[in-house]
Amino acid sequence: MSDPVPAPLRSALTAGARCLVLSPHLDDAVLSCGALLRELAPRCEITVLTLFTEATDGPHGRAARSFLRQCAHPDAATLFRARRDEDRAVVESLGARPEHLGLTDALFRRRELPTALAPVARLVPELAHRYPTFRFDIARGRVSRVAVPDEEELAAVDGIVLPGGESTTIAKLADRGFEGAVAAAPALARGVSVLDGQVTSQPVAEALGHPFVPLAELVGNAP
Numbered sequence: 107m108s109d110p111v112p113a114p115l116r117s118a119l120t121a122g123a124r125c126l127v128l129s130p131h132l133d134d135a136v137l138s139c140g141a142l143l144r145e146l147a148p149r150c151e152i153t154v155l156t157l158f159t160e161a162t163d164g165p166h167g168r169a170a171r172s173f174l175r176q177c178a179h180p181d182a183a184t185l186f187r188a189r190r191d192e193d194r195a196v197v198e199s200l201g202a203r204p205e206h207l208g209l210t211d212a213l214f215r216r217r218e219l220p221t222a223l224a225p226v227a228r229l230v231p232e233l234a235h236r237y238p239t240f241r242f243d244i245a246r247g248r249v250s251r252v253a254v255p256d257e258e259e260l261a262a263v264d265g266i267v268l269p270g271g272e273s274t275t276i277a278k279l280a281d282r283g284f285e286g287a288v289a290a291a292p293a294l295a296r297g298v299s300v301l302d303g304q305v306t307s308q309p310v311a312e313a314l315g316h317p318f319v320p321l322a323e324l325v326g327n328a329p
């Protein structure tokens with residue numbers, strides 16, 4: 107079985123280095139490198155720093171309200187409190203120390219508005235939130251652009267993990283459909299950790315104590 111710890115990281119560990127894992131969103135670190143965290147924990151001090159761990163008070167935009175309904179939570183504060191508690195419990199169970207930076211998640215991030223528009227924004231929440239116009243903000247240079255790997259780059263790597271902030275990689279290949287995308291880029295297939303509620307990455311399944319289901323059993327032409 108191949109060593110799950112990359113050589114540069116292995117060298118740092120033998121030197122007694124501490125390990126800082128930056129997780130853009132809650133669950134990103136656990137789902138993308140949970141097995142690595144479990145492997146490192148007995149030998150070094152690990153801190154998982156999650157950046158976007160808070161939401162704002164309502165009223166929220168349509169996308170945020172839909173998300174809350176899907177999560178079966180009455181409000182964003184309750185949802186994020188539950189997610190933070192869950193994140194702490196899972197990260198600690200892997201032997202790491204969780205830290206939450208407290209930045210606002212994109213779906214609930216607000217823009218600055220003139221005071222005169224505040225009453226209108228309460229009636230039309232989309233006016234007060236950045237999420238409905240994020241593509242326009244990117245086009246205008248108000249948000250840093252994300253470098254999206256193309257198919258040749260994906261094929262040139264041994265594996266890729268896809269935390270929430272890198273979901274644009276999937277969007278880049280979406281014109282093929284999911285099955286076509288994972289067939290065209292085997293490295294992308296190796297980065298699929300969960301599909302249809304099934305854990306399709308064996309290291310992640312082992313780290314979380316869930317059953318492992320090979321991706322090929324769920325997607326016929328997956329490598």
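Residue 107 is where the sequence shown starts when you use my numbering, and the numbers rise one by one after that.
By construction, the Cβ of each residue, glycine as well, lies at the ideal position given by its N, Cα and C atoms.
Since the model is a prediction, treat every value here as computed from it, not as a measurement.
Contact belief for residue i with residue j at Cβ below 8 Å, rounded distance in angstroms
{"i": "Gly161", "j": "Ala183", "result": "Per the sequence shown, the amino acid found at residue 161 is Ala instead of Gly. Yes, they are in contact, since the Cβ atoms of Ala161 and Ala183 sit about 7 Å apart, within 8 Å."}
{"i": "Phe173", "j": "Leu213", "result": "6 Å"}
{"i": "Ser299", "j": "Val288", "result": "Actually they are not in contact, since the Cβ atoms of Ser299 and Val288 sit about 13 Å apart, beyond 8 Å."}
Buried or exposed (CB count within 10 angstroms, at least 16 for buried), residue i
{"i": "Ser307", "result": "buried"}
{"i": "Leu143", "result": "buried"}
{"i": "Pro204", "result": "buried"}
{"i": "Val226", "result": "exposed"}
{"i": "Gly140", "result": "buried"}
{"i": "Val230", "result": "exposed"}
{"i": "Glu145", "result": "buried"}
{"i": "Arg175", "result": "exposed"}
{"i": "Ala123", "result": "exposed"}
{"i": "Phe318", "result": "exposed"}
{"i": "Cys177", "result": "exposed"}
{"i": "Asp181", "result": "exposed"}
{"i": "Ala224", "result": "exposed"}
{"i": "Thr159", "result": "buried"}
Pick from the options that is closest to residue i, judged by C-alpha positions
{"i": "Ser138", "options": "Val197, Arg190, Arg175, Asp163", "result": "Val197"}
{"i": "Arg149", "options": "Val310, Gly140, Thr120, Arg175", "result": "Thr120"}
{"i": "Gly315", "options": "Ala123, Leu324, Gln304, Asp191", "result": "Gln304"}
{"i": "Thr210", "options": "Phe186, Ser199, Gly201", "result": "Phe186"}
{"i": "Val127", "options": "Arg296, Ala202, Gly286, Ala322", "result": "Ala202"}
{"i": "Thr156", "options": "Ala224, Asp302, Arg217, Arg190", "result": "Arg190"}
{"i": "His206", "options": "Ala322, Val300, Asp181, Pro130", "result": "Pro130"}
{"i": "Leu321", "options": "Val154, Ala311, Ala295", "result": "Ala295"}
{"i": "Arg216", "options": "Ala178, Asp163, Ala195", "result": "Asp163"}
{"i": "Gly286", "options": "Val325, Leu301, Asp302", "result": "Val325"}
{"i": "Val154", "options": "Ala195, Leu223, Pro180, Ala222", "result": "Ala195"}
Residue i CB to nearest heavy atom of the ligand SAH below 6 Å
{"i": "Gly315", "result": "This structure lacks the ligand SAH; in fact it carries no ligand of any kind."}
Taking one C-beta from the region 224 to 235 and one from the region 155 to 169 each time, how about it: are there three or more such pairs within less than 8 Å? yes
Complete runs of the alpha helix (DSSP H) confined to the region 116 to 168 [at least 4 residues]: 134 to 146
Could I get the ranges of all uninterrupted alpha helix (DSSP H) runs contained in the region 173 to 242, with 4 residues as the minimum, in chain order? 182 to 199, 224 to 229
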